[in-house]
Amino acid sequence: MRIITGKARGLHLTVPKNYDVRPTADRVKESLFNILGAKVQGAAVLDLFAGTGNLGLESWSRGAGLIQFVDNNRNSLKLVHSNIAKCRAEADCKVLKYDAEAAVDLLYRQRQRFDLIFVDPPYNKGWVQKVLRKLEQSPLLTEDGWLVAEHSQHDDVAGSVPAGYTVFRSQHYGETVLTFIRRGKMVEEPC
Numbered sequence: 000m001r002i003i004t005g006k007a008r009g010l011h012l013t014v015p016k017n018y019d020v021r022p023t024a025d026r027v028k029e030s031l032f033n034i035l036g037a038k039v040q041g042a043a044v045l046d047l048f049a050g051t052g053n054l055g056l057e058s059w060s061r062g063a064g065l066i067q068f069v070d071n072n073r074n075s076l077k078l079v080h081s082n083i084a085k086c087r088a089e090a091d092c093k094v095l096k097y098d099a100e101a102a103v104d105l106l107y108r109q110r111q112r113f114d115l116i117f118v119d120p121p122y123n124k125g126w127v128q129k130v131l132r133k134l135e136q137s138p139l140l141t142e143d144g145w146l147v148a149e150h151s152q153h154d155d156v157a158g159s160v161p162a163g164y165t166v167f168r169s170q171h172y173g174e175t176v177l178t179f180i181r182r183g184k185m186v187e188e189p190c
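Per numbering that gives the first Met the number 0, the sequence shown starts with residue 0, numbered consecutively.
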């Protein structure tokens with residue numbers, strides 16, 4: 000697993016050994032960031048279910064601003080901290096040890112808002128739907144901001160999108176699906 004482009008291009012990130020984390024594959028990650036394009040530049044990014052920090056650090060490498068990582072697994076947090084240090088990105092990154100739903104509430108109470116949110120939980124456990132419900136109550140995503148959910152093809156994410164959010168696109172990669180969701184009205188622009 001590596002950083003694909005930007006200021007940390009080619010850097011290999013530390014990956015988990017012998018525990019249940021499923022980092023986003025490089026080809027899926029490359030497609031995700033090709034679809035987002037320039038929307039990453041200067042964005043405040045929330046990486047929920049951070050795992051290794053792969054998506055947040057790719058965003059940082061591509062010019063995003065502050066990156067907030069959230070995970071509640073001690074081993075994952077060690078990987079996130081290690082990978083942030085490898086990238087020398089400490090000044091632009093914050094890490095929270097929290098459950099995703101509790102983190103959304105906490106960050107909302109702290110008046111933090113994000114232009115881009117990644118939701119990449121364990122598959123087939125209903126986590127994307129739970130996070131979408133929580134974001135309806137505690138809207139962390141800025142108006143016209145983007146949420147990208149990585150999930151199983153068996154998860155009904157499109158049917159869980161709250162009012163005020165629109166599914167722009169779903170892209171399939173075998174068992175994995177990337178769903179791009181925008182807060183606010185959809186405009187006729189390429190994603």
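Backbone N, C-alpha and C define an ideal beta-carbon position, used for all residues, glycine too. The model shown is predicted, which means the values in this text are computed figures rather than measured ones.
The segment 108 to 182 contains, as complete beta strand (DSSP E) runs of 3+ residues, the segments 113 to 118, 140 to 151, 164 to 172 and 175 to 182 (chain order). Here DSSP, grouped into helix, strand and coil, assigns Phe48 to coil. Selection Asn123, Val103 and Asp143 evaluated against Gln136 yields Val103 as nearest (Cα-Cα). Here the C-alpha atom of Val79 lies approximately 33 Å from the C-alpha atom of Ala162. If you ignore the 5 residues before and after Gln40, its C-beta comes within less than 6 Å of the C-beta of Gly62, all in its own chain and listed in chain order. DSSP places Asp25 in the uninterrupted alpha helix (DSSP H) bounded by Asp25 to Leu35.
With a 10 Å radius around the Cβ and a threshold of 16 neighbouring Cβ atoms, Asn33 comes out exposed. Just so you know, the alpha carbons of Ser60 and Ala84 end up roughly 13 Å apart. Under the three-state reduction of DSSP, Asp91 is assigned to helix. Taking His153 as the centre and dropping the five residues before and after it, the same chain places the C-beta of Asn123 closer than 7 Å to its C-beta, in chain order. In the same chain as Leu105, and ignoring 5 residues on each side of it, the C-beta atoms closer than 7 Å to its own belong to Tyr97, in chain order. The beta carbon of Ala43 sits closer than 6 Å to those of Gly64, Leu65, Phe113 and Asp114, all from its chain and outside the five residues before and after it, given in chain order. Cβ neighbours of Thr141 within its own chain (closer than 6 Å, five residues either side excluded): Arg112 and Asp114. Only residues of its own chain outside the window of five on either side were considered, and among them Val27 have a CB closer than 6 Å to the CB of Tyr172, listed in chain order. Cβ neighbours of Val160 within its own chain (closer than 7 Å, five residues either side excluded): Leu131, Val166 and Ile180.
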